[in-house]
Every structure is written in structure tokens, then in C-alpha cells.
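Visitor:
2 protein chains.
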Amino acid sequence: MKKNFVITIGRQYGSGGRIIGKNLAKALQIPYYDKELLTIAAKESGFSEEIFNTMDEKPTGSFLYSLVAGTYGGNQLPLNHKLFLAQFEAIRKIADKNSCVMIGRCADYALEDYDVNCINVFIHANLEHRIQRAIKEYGIAPEKAEDIVHKTDKQRASYYNFYSDKKWGAIDHYDITLDSSKLGIDTCIELIKQCVSLIKYQ
Amino acid sequence: MKKNFVITIGRQYGSGGRIIGKNLAKALQIPYYDKELLTIAAKESGFSEEIFNTMDEKPTGSFLYSLVAGTYGGNQLPLNHKLFLAQFEAIRKIADKNSCVMIGRCADYALEDYDVNCINVFIHANLEHRIQRAIKEYGIAPEKAEDIVHKTDKQRASYYNFYSDKKWGAIDHYDITLDSSKLGIDTCIELIKQCVSLIKYQ
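First to last, the protein sequences are chains Y and P.
Going by the working numbering, the first sequence runs without a break in its numbering and finishes at 202.
Going by the working numbering, the second sequence runs without a break in its numbering and finishes at 404.
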């Protein structure tokens, strides 16, 4: 029997990575995980969902997770590290269960040495395009949009760089990266679909 | 009439970017330019080909080309800057003439604000894969292979970063990047082909 395959998608804010992931999952008829991941992690660890949502993808401090994990007992771990661990476990459990698309949350890192097929994707787009999408698609006030684009990317990078041993958006970590402002959302979806089919996961 | 399209390919040494470009051009039935670019540039500028080949893609110094271009008269330009200019012109002339695949030589930069359709691709691969390809495909001595991989990439990055206003291998500059060690040469070719067809250049 073939192993499951997981498409992980990292994305710049406003690049359309989320909608690409959502529609890709639909096209491939496999589940899509984003906030859902958090919910599962929350339920399994016993934390309240509210706390998980508040702490989602915020940078966590100045010392490496690995250091913390080695020096703290389970109960003494700061809450955001517990959250990360819970998500890490949830990502692996989901990958065991079925093929799927996962957005953000260091999913590529959580599945790096795990027994599952992964295609690690990163979606980016030029700044102007992302600002316009933030205004039109997410309803951000025009005067705040550029600032929010930069700040959100900074948060995502901090989270990823802190918890993984990689650098967010660095070419070497991704099997395929796509510029959605140049190629368009539909072409991005189609190319990732083709990729899955060429690698013969399906 | 549709405009020409040019697929520019940047690539890490040993990643198979050249063979991907060559076979892609074959599949699309369009010309492929690599050393050929140099030959054309050499012929048009009147330099001997030998000089051009010796100086190909070596880093050029510590000051920006744009500065040099502003302060030197044409005849006083250092030879490597003349070579760059000749190639720059050749790339644009070729793009005017026909759709094609171009490897390296800052072709993406030369065509950035030019009236032609471009798909800018970057091919990378993990280090071990590139070392093994350098040994098997290029006949490099095993004990020298890793060093040559690193040095060649360093030279390519220096050349690109010096002459363009971009950073070699930085995700934002490419429409599509592919890990050939993960995806395989044939999948890379097929995905770029699909990309051309989805954007409807053909």
C-alpha cells in the first residue's frame, strides 16, 4: 500500500497560499488543515482552544526550543512551547491517518524525518500584490495594509526560525516555490497537482 | 501575434539545471542558449572567444557595475564589464528574435524590464546529490567534488550579485524554484513545460 502524502505550504502573508492550499485539497479530494490543526492539538493536550488561538504563530523568545526541551521538565515548559509540541504531535498523527494539505505551523519541519511522503511548497508574491490582496480579500484598511503584511511575515519567520533548524522562505528547504503574483492562483494549484501526479503519489 | 517567451534558468552547480534547460528546450522545440550566448556576444563585440571563455562567470571586484558604468567611458571599461555588457545586449537581441531557454548569465536581470515574456526558474538540489552528480556526470575527482561544488556556487553568486541588483538564489527573484534531488530531472522539465502551457505562452 502506498504511504500517505502531505503537501505542506509555507506562504508570505497576502500571497494566497491559504486559498491555494484549500482549493488544492479540494481538487485532490484530501483534507486541508490550518486552524483545524490547532483545534486537534488543543483537544489532545487538554488546553483551552482560546489560549491556543491567541498564541498562534507568535514569536516565542530568544532561546532555542531544543535547549528548552532539554532543560525543562514537561510541566515546567512555557505555554507556547507546550503548544508547539502539541501541534508537532498533531501534525504527525494527522499525517499517519491520511494524505492532506497542511498550511504553516512548521509542518514541513515536523514531518522532516517522519515516515510519510512530503512535498514542501512555499508561495510568495510581490509586495504590491500582497498589499492589494490584504485590502481586497482580508478587508484590511489601506493605510495599515503594508505594515500588516510586513509584521505578519516577520512573525511567521520568527516562529519558524525559532522552532525549526531552518530559515523561513530560504530556497533550500522547499521542493517547489511559486510566485503567485506572476503565475496566478490557479496555475499554482495546477502545478502542485501536477507535481503530486508526476511523483506518482496518486 | 504573441510575444516571445524566454525561460531563464539559474542553477546550483551539480543540480542538473543545464540538462533540465537543454531537454526542456528540446521538448518545447525552441533554442537553448548557454555558451552559445557567449559566442554571440563575443562575435558582436569583436572580442576573441578565448578571452570570453576564460572570464566566464568569474566574480569581478568590489564595486557595483552601475557605478562603473556611470564613471567610465566605454573604452575605459574593464574587460569583464565589457563582457557583461556584450552578453546583456546579446541576451536581449536573442529574446527579440525567438522564444528560447537561457541558462545563467543574469539573463533574468537582462530581461527584467524588457518587452518579452519571461519565466524565471531556479534549480537547486541537496549537497550530497550535487557532489555525486559532479563526480558521475562531470567526471570530477571524488576528493575534489565538494570543494568544486562550493566554489562554483560562490562564483555564480558573486557574478550575479555584483552585476544585478538581486541576490542569487533568493526566493523572491524567481517565478518557480525546484529541488531536482527531490523531484527528479524529468519532473522538473515537465513542471516547467506545464507552467509555459498554463500561462498560455504556447
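Here a beta-carbon is modelled for each residue, glycine too, at the ideal position from N, C-alpha and C.
(1) Check the DSSP bridge columns for Y/I176 and list the partner residues they point to.
(2) Do P/I378 and P/V303 have their C-beta atoms within less than 8 Å of each other?
(3) P/C308 and P/Y362 look like a contact to me (Cβ under 8 Å); what is the Cβ gap, rounded to whole Å?
(4) Considering only the alpha carbon of each residue, which of Y/F88, Y/G10 and Y/I19 lies closest to Y/E137?
(5) What residues of chain A sit near Y/F122, judged by a beta carbon separation below 9 Å?
(6) Let me confirm a value: Y/D115 is counted as buried when at least 16 other C-beta atoms fall within 10 Å, else exposed. Which label applies?
(7) Should the region 129-145 of chain Y be regarded as contacting the region 7-16 of chain Y, the criterion being three or more beta carbon pairs within less than 8 Å?
(8) Report buried or exposed for Y/Y72, applying the criterion of at least 16 other Cβ atoms within 10 angstroms of its Cβ.
(9) According to DSSP, Y/G10 sits in a beta bridge with which residue or residues?
(10) Can you list, in chain order, the residues of the region 378-402 of chain P whose Cβ is nearer than 7 Å to any Cβ on chain Y?
(11) When the Cα atoms are used, what is the spatial distance from Y/I171 to P/I373?
(12) Three-state secondary structure (DSSP) at Y/I199?
(13) Checking the sheet assignment: what are the DSSP bridge partners for P/I305?
(14) Would P/A288 be called buried (16 or more neighbouring beta carbons within 10 Å of its own) or exposed?
(15) In the DSSP assignment, what residue or residues form a beta bridge with P/Y234?
(16) What does the alpha-carbon distance come out to for the pair Y/D179 and P/Y376?
(17) Skipping 5 residues on each side, what residues in its chain have a beta carbon closer than 8 Å to that of Y/E146?
(18) What does the alpha-carbon distance come out to for the pair Y/L28 and P/I394?
(19) How long is the line joining the alpha carbons of Y/N23 and Y/K97, rounded to whole angstroms?
(20) Taking only runs of the beta strand (DSSP E) that begin and end inside the region 114-173 of chain Y, which ones reach a length of at least 3 residues, in chain order?
(21) Looking at the structure shown, is P/G219 part of a helix, part of a strand, or coil, going by DSSP?
(22) Determine whether the beta carbon atoms of Y/A125 and Y/S181 lie at a separation below 8 Å.
(23) Hey, out of P/D367, P/K402, P/P344 and P/D310, whose CA is closest to P/R213's CA?
(24) Just how far apart, CA to CA, sit P/S301 and P/E246?
(25) In terms of alpha-carbon separation, which member of P/G371, P/I401, P/K346 and P/E392 lies closest to P/K228?
(26) Are the beta-carbon atoms of Y/A90 and Y/N4 separated by less than 8 Å?
(27) From Y/Q155 to Y/G104, what does the alpha carbon distance come to, in whole angstroms?
Guide: Per the coordinate set shown:
(1) Y/V121 and P/L380
(2) Contact check for P/I378 against P/V303 fails: the beta carbons are separated by 8 Å or more.
(3) 6 Å
(4) Out of Y/F88, Y/G10 and Y/I19, Y/I19 has the C-alpha closest to the C-alpha of Y/E137.
(5) Of the protein chains in this structure, namely Y and P, none is chain A.
(6) exposed
(7) yes
(8) In this prediction, Y/Y72 has a pLDDT of 42, which is less than 50 and means its spatial position is unreliable; what the coordinates show is noted afterwards. The residue in question, Y/Y72, is exposed, as its Cβ has fewer than 16 Cβ neighbours within 10 Å.
(9) DSSP output for Y/G10 lists Y/F122 as bridge partner(s).
(10) Those residues of the region 378-402 of chain P placed with their C-beta closer than 7 Å to a C-beta in chain Y are I378, T379, L380, D381, K384, L385, T389, E392, L393, Q396, C397, L400 and I401, ordered along the chain.
(11) 6 Å
(12) Coil, per DSSP.
(13) DSSP links P/I305 through a beta bridge to P/I211.
(14) buried
(15) DSSP, once it has assigned bridges, lists P/V303 as partnering P/Y234.
(16) Going by the C-alpha atoms only, they are around 7 Å apart.
(17) Here the set comprises L127 and I131.
(18) 21 Å
(19) 21 Å
(20) Segments of the beta strand (DSSP E) lying fully in the region 114-173 of chain Y: 117-124.
(21) If DSSP states are grouped into helix, strand and coil, P/G219 belongs with the helices.
(22) yes
(23) P/D310
(24) Their backbone Cα atoms lie some 20 Å apart in a straight line.
(25) P/E392
(26) no
(27) 12 Å
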